[in-house]
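Positions in the sequence shown are counted from 1; adding 5 to them yields our numbering. To start, the structure under review is shown below, and the notes come after it.
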Amino acid sequence: MKNFVTSERSIFEMEKSTEPAIRVKDGSVVKIKTKDHFNGQIHAKQLHYGELDWKQFSPTTGPIYIEEARPGDLLAITIEKIELLGTEVFLLNGPNIGITDDLLTSNSTRCYKVENNQIIYSEDIHIPIKKTIGLLKTEELNPSKVPTKNGGLLDSSEITEGATIFLPVEKYGASLHVGNVRATTGFGKITATSAEAPAEVTLRLQILKNRTAPTPTIIHDHNLICLASDITIEKATQKTMHNMITLLTESDKMTTEDALFLISLQADFQVCKLCKPNITTSIKLPLDYFPEMPFL
Numbered sequence: 006m007k008n009f010v011t012s013e014r015s016i017f018e019m020e021k022s023t024e025p026a027i028r029v030k031d032g033s034v035v036k037i038k039t040k041d042h043f044n045g046q047i048h049a050k051q052l053h054y055g056e057l058d059w060k061q062f063s064p065t066t067g068p069i070y071i072e073e074a075r076p077g078d079l080l081a082i083t084i085e086k087i088e089l090l091g092t093e094v095f096l097l098n099g100p101n102i103g104i105t106d107d108l109l110t111s112n113s114t115r116c117y118k119v120e121n122n123q124i125i126y127s128e129d130i131h132i133p134i135k136k137t138i139g140l141l142k143t144e145e146l147n148p149s150k151v152p153t154k155n156g157g158l159l160d161s162s163e164i165t166e167g168a169t170i171f172l173p174v175e176k177y178g179a180s181l182h183v184g185n186v187r188a189t190t191g192f193g194k195i196t197a198t199s200a201e202a203p204a205e206v207t208l209r210l211q212i213l214k215n216r217t218a219p220t221p222t223i224i225h226d227h228n229l230i231c232l233a234s235d236i237t238i239e240k241a242t243q244k245t246m247h248n249m250i251t252l253l254t255e256s257d258k259m260t261t262e263d264a265l266f267l268i269s270l271q272a273d274f275q276v277c278k279l280c281k282p283n284i285t286t287s288i289k290l291p292l293d294y295f296p297e298m299p300f301l
């Protein structure tokens, strides 16, 4: 494939991004290699926690510049394929990380084998793989290290093969960053990491001209999923609900009251990430319930 970005184009601070790793046209398909969350530092079952360089955590590949993207547009990112590279996944945990409080008395890392599309947790426990992209983000005018409407470390299980995620364009070219691929992500991501792995992802990038919408938003398996982040579950959920109501009431066919009753009756709620500093939640509804197809 012509549009290919190697993991050597990784950076560790998106807000200080350099020149684009690649420039592509609207509608292009791009293959992107990403490093694992720890930048390859975990390589054995009991690597000492203190040996890790935290400044190397969460490398992202990019930025990817889409030539037709202008401020005020939306970027639609369709995940065509996620391929794990290697045969192991890596995890890290410790006291007071996420919501673990003092359940753990010391820091620890783990390395598990991947065989036959499963994580070999033990002889008796084999965990099915559901590959996800933990981080997708377009660059914003006011950089933030926590998830925003431009995306970030969202940790939604819906950001997987076949899904399309919509993010705003605030800078010319959009400047998309990709990273933190996981073999699977447990409910709520209660700890610092999940099943981290290097990967190659294939994305189709399309620009929706002069469109605004509450973001990040995902369309997957004929469902629409709104996401939002904040310092508490309640605040994150309020944002998520407001985003869903905005999409349901875009036309004059559904009132705010109608939208609230529909959400109460049918919406699926999920905590995507409980790890500090911000919590991410999502609300999901079937696309059939929308008076008009969103984003068109």
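Where is the CB? At the ideal position from N, CA and C, for every residue including glycine.
- Coarse secondary structure for S113, derived from DSSP in three states: strand
- At what residue ranges does the region 59 to 97 contain a whole run of the beta strand (DSSP E), taking only runs of 3 or more? If we require 3 residues or more, the beta strand (DSSP E) runs fully inside the region 59 to 97 come out as 65 to 71 and 79 to 89.
- Query: Who are the near neighbours of I84 in its chain, counting only those whose CB is closer than 8 Å to its CB and skipping five residues on each side?
  - Reply: I138, I164, T165, E166, G167, A168, T169, I170, V206, T207 and L208
- Task: Under 8 Å Cβ to Cβ from Q61, same chain only, skipping five residues before and after it: list those, please.
- Result: F17, F43, N44 and Q46
- Task: Out of T153, D31 and K289, state which residue places its alpha-carbon closest to the alpha-carbon of S162.
- Result: Nearest Cα to S162 within the set T153, D31 and K289: K289.
- Query: Can you tell me whether K142 is buried or exposed, with buried defined as 16 or more other CB within 10 angstroms of its CB?
  - Reply: buried
- Message: Within 10 Å of its beta-carbon, does P100 have 16 or more other beta-carbons around it, so buried, or fewer, so exposed?
- Response: The residue is exposed, with fewer than 16 neighbouring Cβ atoms inside 10 Å.
- Task: From the DSSP output, read off the bridge partner residues of F171.
- Result: A81 and T222
- Task: Identify every residue that forms a DSSP beta bridge with R209.
- Result: V34 and T83
- Message: Tell me the residue span of the beta strand (DSSP E) that contains N185.
- Response: L181 to R187
- Taking buried to mean at least 16 other C-beta atoms within 10 Å of its own C-beta, is I124 buried or exposed? buried
- Query: Whose CA, out of H247, F95, E120 and N122, lies closest to the CA of S113?
  - Reply: F95
- Message: Given this structure, state the Cα-to-Cα distance separating L57 from L252, to the nearest angstrom.
- Response: 43 Å
- Query: Closest to R115 by CA distance: which of T260, S127 and N283 is it?
  - Reply: Checking every option, the nearest Cα to that of R115 belongs to S127.
- Query: Who are the near neighbours of D273 in its chain, counting only those whose CB is closer than 6 Å to its CB and skipping five residues on each side?
  - Reply: The beta carbon of D273 lies closer than 6 Å to those of K289 in the same chain, with the five residues before and after it left out.
- Message: Short of 7 Å in beta carbon distance, which residues of its chain neighbour I132, apart from the five on each side in sequence? Order them along the chain.
- Response: Q123, I124, Y126 and T189, listed in sequence order.
- Query: Under 7 Å between the Cβ atoms of N185 and P219?
  - Reply: Inclusion of N185 and P219 in the CB contact set at 7 Å is not warranted, their separation being larger than that value.
- Query: Are I195 and L279 closer than 7 Å when you measure CB to CB?
  - Reply: Yes, these two residues count as a Cβ contact at 7 Å.
- Does the Cβ of G67 have 16 or more other Cβ atoms within 10 Å, making it buried, or fewer, making it exposed? Label assigned to G67: buried.
- Query: Exposed or buried, which one is D41 when buried takes at least 16 other CB atoms within 10 Å?
  - Reply: By the 16-neighbour rule on beta-carbons within 10 angstroms, D41 is buried.
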